[in-house]
Every structure is written in structure tokens, then in C-alpha cells.
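In the working numbering, the protein residues as written are 1 to 513.
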């Protein structure tokens, strides 16, 4: 398609991070060698796999004994790897007879030698997790003095432990990681650039400059390492009064308006922390959202498209989601009476319980109105061109499809083709991701998605620097009929548009506005 934006899948920033065939073959051989050794009757089904995984991770961490507790970190990362293997192991579950006479090691020996796809997937996830842990320690050492200045963590304070796997994997098996120091302090490591999060805060500052002093958000302190960032570990804190709860939801209205302006689409309940009277956004790097043009969002046959975001497209307020099995599930980022208590949600805590958004619907609407009016006032007075022009250089993360679709499709394909080669599995993923589309651009996207999924990642895309034309995103398939979607458009905040959005909020949570 002429003038269509080009997409790049975020690749690992360090050369050699993605395991080559010789590397993962070596790991498979090591696992096979380990499970071939004699075992004890007390061995659990996973014990034969834990031993080689622990040794490989320990060796990968290298000479970092001075800066970190390598023994403890190796154990923690091994536990995380085993949990990542659970889905993969489940595909072989029918072949693993835990109640039979055959020992687990003997069964794993058969599985690893006869299931090429499973063995490769397990070894790659192990290698990537080990290297991701090594990167955390390396970057901590490199930025030790910056971390001391920002977070008060002494350069001599060693890493006691790390918790990987906080969220989905991107960029070659890398995940958000919590880093624990021997002093008792903790900080968060994110293996991605902080430029788009910094840009989001800049937009926030421009809006709140036109609002009452009480109406502003807090953000984690940050050290930007270029290809990664370090942030405060924000903890949940309760509210001391009903007035503080009211402030929380008024600020939630501000956050909702900012997300609509920036098309921030990944602020689910785990990405907002209730810290007293503040909803603290801890992941604002994702922009734009997939929307099935005339189809359900979970439908793999839907055209890939960016929603011209209304409040209801942000999936922050209570909404129904149709799952891949066709059932409806109620979800919300904020605590709600209509959402199951098993869902992870953010809500102010007062008198020992989360206060639902419905109790302060009018307050949230008030905050949204005030913020929307400020955005419109800035558009009339100064315009937003100076701020929005910088977005093209921030390369925000863009999710082309719901993460649930990637997860379900990956389990289904690898489970069905577990005995097949890597190439066969990749071809099957591409075929299912393409569905009925036959455009060259869609095929290129599907191949990039499949390769990312084979690393255990949720595929993430970005626009190449300079390809945004006045922040307009064209359709990314050549079969889609319809107008281009605007990534950030202050015209959405004109008084009539704001009133329409208020009506959508009231429909979702009530209130008079």
C-alpha cells in the first residue's frame, strides 16, 4: 500500500540474544544428558529438568559474584523458567505418566528426543531467561551511581534476588523484573526504552498546568538507560479518608482523558497502582489498539486496524470481553461491582476494602470533564504540535492484536505440532495469523509475529522513526475500506465530543456527570 506506515518488530538489543540453532541444540543435549543420569525414588516429575536448568542459568550469569547473590538468583530464575515451561510441558502431559512405574527422567528422555518442537521451545525459553537475568545485573553495575542518586541504593549494595516474569515477555524473552537488594530496597527493571513513558508524562504536565493543583498524577521515578529503564517499585497504599478516595477517582478521570488523548491501550488493572489518593500508571508505553473492523476483537480473521479511540475503546472502565471460546467476561481496570473478585483490578482501599468506581461515578466524570476541557483549551490557545511532533521519535509500543489471541494460538499450534520441526510450526502460525488476508504487508507482519511467538514473546511493533504523517495511521491491510485513524487528535476533546464521551462513561458506571 502506498504511503503505508512500515512496522518493525522490536528485536533484542544485544547481539546474540536470540539463540542460534547450535546453542539451543547444545542445551537440549545437556538436558538429555542430565535426565539420563540415575534418579532417586523421591524425584518429582520436574526434578530431572530443574537440575540442568539450574546449572545452565548459574553458568550464564558469569563472573558476577561480587555484585549479586548468584546462587539465589539462579534458583529464582530456574523457578520462573519452570513456570514458563508449564504450558509447554502440558502439551506432553498425555505422554508423561506420573503414576506409572517408569521414572520421570526416563519419560523426559523419550519426550526430549522425540518431540523436536517441544525440546526447542523449552531450551530457547531457558537460554533467553538466563540471558535476561544476566542483563539485569550488567545494567545495574553500569548505572550504579545513577541508581544511587535517584533511588538511594548504594553502589556497594549487592543484588540479593530478582523476580523475572512480571508481565508478558517481549524483545526476546525479556520481562519486567523486580530487583531485590541486600539492604531491603527494591526497584523495577524494564527491558525497553523509556522515551514513550517520558513523552506521556510531558503530555500530563501540559494538561495539569491548566487544572487545579489537586488534579495531577504521580509517576514512578525513572533512570533511563537507553534500551532499558529503572523505576520505583510502587506499592499499594490505603486511603486515610473518604475525601482521599474521592481525590483518587477524580484523578482517575484525568488519567482516563490522558489515555484517550494518547491512545494508551494497555492500562489494565495490573498497570495502575492505587497509592493512597493516586492512581499511579506504571506502564504507559503502549499506544493504539487492535479493533476488528466489523468483527469481534478476538477474531483472527479481523483486519488489523487502529481504533480511533473513544473511552469505550480503552478497556479501562467496566466492559464485556468475548473470549476465544465465545464466552463473555466482564473486565475493568478499576474496582467495580460488576467484575469478579478474582480479576486483578486497581481501586482505592479504605477501611480494609476496595471502593468500587460506581460509588464515585460523578467524581470520575468530573475529573474527566476538567481534563478534557484543559486539553481543548490548550488546543485553542497554543495547539499541541510542539509536543506531538516528538512522538514520532519515541517509537511507542503498538499491539496489533489482543494478547489473549497470541497466547491461545501459541498453545494450540505448539500443542498440535509438538513433534514437528521449527519451520513447520512457524508456517502453521503464519497461516493462522494470516487467515483470509493475502496482502504482502499482512504476510510480513504475520511472519514477524510467528517468529516472536516462537521465542515465547507477545509480538510488539513500533513505527519506524519519521514514518508518522501528522500522526495519522493508515490501515495496515490493503483490503480495509475506511478512513485513516488519528493516533492523537485534540479535536476529539471539543465540547460536543466530550459530552458524547461523558455519556459513554455514565453508561458504563452510572453517575449524573
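No residue lacks a Cβ here, since even glycine has one placed at the ideal position from N, Cα and C. Model, not experiment: these values are computed from the prediction.
- Under the DSSP assignment, residue 357 falls outside any alpha helix (DSSP H); it carries neither an H nor an E label.
- In the displayed model, residue 406 falls within a helix according to three-state DSSP.
- Sequence-distant Cβ neighbours of residue 67 in its own chain, meaning closer than 8 Å and more than five residues away, are 137, 140, 141, 158 and 159.
- Contact check for residue 48 and residue 108: beta-carbon distance about 5 Å, within the 8 Å limit, so the pair qualifies.
- Residue 258 carries a helical assignment under DSSP once its states are collapsed to helix, strand and coil.
- By the neighbour-count criterion, in which 16 or more other beta carbons inside 10 Å mark a residue as buried, residue 452 falls on the buried side.
- In this structure residue 243 is exposed. Its beta-carbon is surrounded by fewer than 16 other beta-carbon atoms within 10 angstroms.
- Following the DSSP letters along the chain, one finds residue 274 inside the beta strand (DSSP E) bounded by residues 272–275.
- Here residue 151 carries a helix assignment [DSSP, helix/strand/coil].
- At the C-beta level, residue 432 and residue 413 come within 8 Å of one another.
- Secondary structure at residue 331: strand, using DSSP grouped into helix, strand and coil.
- With a 10 Å radius around the Cβ and a threshold of 16 neighbouring Cβ atoms, residue 363 comes out buried.
- Three or more Cβ pairs closer than 8 Å define a contact, and the stretch 262–280 falls short of that threshold against the stretch 371–388.
- In terms of CA proximity to residue 400, 450 leads the group 25, 450 and 416.
- With at least 16 other beta carbons inside 10 angstroms of its own, residue 134 counts as buried.
- The shortest CA-to-CA distance from residue 368 to any of 112, 212, 434 and 257 is the one to 257.
- For residue 167, there is no enclosing alpha helix (DSSP H); the residue is part of the beta strand (DSSP E) that begins and ends at 159–170.
- Look at residue 353 here: in three-state DSSP terms it is strand.
- In the DSSP annotation of this structure, residue 180 is not part of any alpha helix (DSSP H); the continuous beta strand (DSSP E) holding it starts and ends at 174–181.
- Between the stretch 247–261 and the stretch 173–193 there are fewer than three C-beta pairs closer than 8 Å, too few to call the two in contact.
- With a cutoff of 8 Å on beta-carbon distance, residue 56 and residue 27 are scored as near each other.
- Burial is judged here by how many other beta carbons sit within 10 angstroms of a residue's own beta carbon; residue 489 has at least 16 and is buried.
- The stretch 111–128 makes contact with the stretch 409–427: 3 or more CB pairs, one atom from each, lie closer than 8 Å.
- The stretch 343–354 makes contact with the stretch 228–242, as at least three CB pairs between them are under 8 Å.
- Excluding the 5 residues flanking it on each side, residue 446 has same chain C-beta neighbours closer than 6 Å at 430, 433 and 434, in chain order.
- Sequence-distant Cβ neighbours of residue 370 in its own chain, meaning closer than 7 Å and more than five residues away, are 211 and 215.
- In the pairwise beta carbon analysis, the stretch 161–173 is classified as touching the stretch 72–83: at least three pairs are separated by under 8 Å.
- Counting the other CB atoms within 10 Å of its CB gives residue 145 a total below 16, which places it among the exposed residues.
- With distances taken between CA atoms, residue 254 lies nearest to 203 out of 203, 225 and 231.
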